[in-house]
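Residue numbers (my numbering): 805 to 980.
Cβ atoms here follow ideal geometry from the backbone N, Cα and C, with glycine treated the same way.
As structure tokens, the structure follows; a few thoughts come after it.
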């Protein structure tokens, strides 16, 4: 009887752990420019935790330093014309904000739900430090885009959208 209980516990734990592993999704990230979508620069793995959404980047070829990192409205990394000029990954739309929040408030405030913590890139151009988005879960990212911006982010609206600069990398979540 004791052996059957042990086997049942091990099977239960295995099923529970495999369910957690299946919940993680890998998003391929690509360079983007006004000309279109370029080569892959790596992946970001997303998974739900009890504390929010864990995003684990494995990216290369970026400029060292802080980069703005956001969830955008549409699962589309193509350029679009904005104010008469082609703009990288503009088809991704604005920051994801299902409640219609019209201000940029950072990942812990009450601003756009798509505001993520800063993405840090090391001196070799790699981003591998996981970040936690406490207000998000994997299902929130379905049919959305992850965008990396050229520079850091102040999480204020002056300069516009925190001053992150142009979109330099993009990956889509859930787009078939």
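Nonlocal neighbours in the same chain, by C-beta distance under 6 Å from residue i, ignoring five residues either side
i           : result
residue 969 : 953, 954, 955
residue 860 : 849, 934
residue 844 : 832, 834
residue 826 : Low confidence applies to residue 826: its pLDDT is 44, below 50, so where it sits in the model is not reliable enough to give any reading.
Spatial neighbours of residue i in its chain, beta-carbon cut-off 7 Å, leaving aside the 5 residues before and after
i           : result
residue 898 : 876, 877
residue 836 : 842, 881, 892, 893, 971, 972, 973, 974
residue 778 : With the chain covering 805 to 980 only, the question about residue 778 has no answer from this structure.
residue 890 : 838, 883
Candidates the options: closest to residue i by CA position
i           : options            : result
residue 943 : 905, 885, 915, 850 : 850
residue 862 : 853, 976, 832      : 832
residue 929 : 906, 913, 867, 841 : 867
residue 917 : 932, 925, 938, 927 : 938
residue 828 : 971, 873, 941      : 941
residue 924 : 869, 890, 847      : 869
residue 857 : 919, 909, 883, 914 : 919
residue 927 : 853, 865, 840, 839 : 865
residue 945 : 905, 915, 901      : 901
residue 909 : 886, 931, 840, 957 : 957
N-terminal and C-terminal residue of the beta strand (DSSP E) that residue i is part of
i           : result
residue 832 : 829–837
residue 843 : 840–853
residue 869 : 869–871
residue 885 : 884–886
residue 975 : 971–977
residue 862 : 856–863
Residue i vs residue j beta-carbon contact at 8 Å
i           : j           : result
residue 893 : residue 976 : no
residue 922 : residue 871 : yes
residue 951 : residue 895 : no
Cutoff 8 Å; reference residue i; Cβ partners in own chain excluding five residues on either side
i           : result
residue 855 : 936, 938
Interface flag, residue i vs chain C, CB-CB below 8 Å
i           : result
residue 974 : The structure shown contains no chain C; it holds only a single protein chain.
Runs of beta strand (DSSP E) wholly within the stretch 899–954 (minimum 3 residues, chain order): If we require 3 residues or more, the beta strand (DSSP E) runs fully inside the stretch 899–954 come out as 923–925, 935–937, 948–953.
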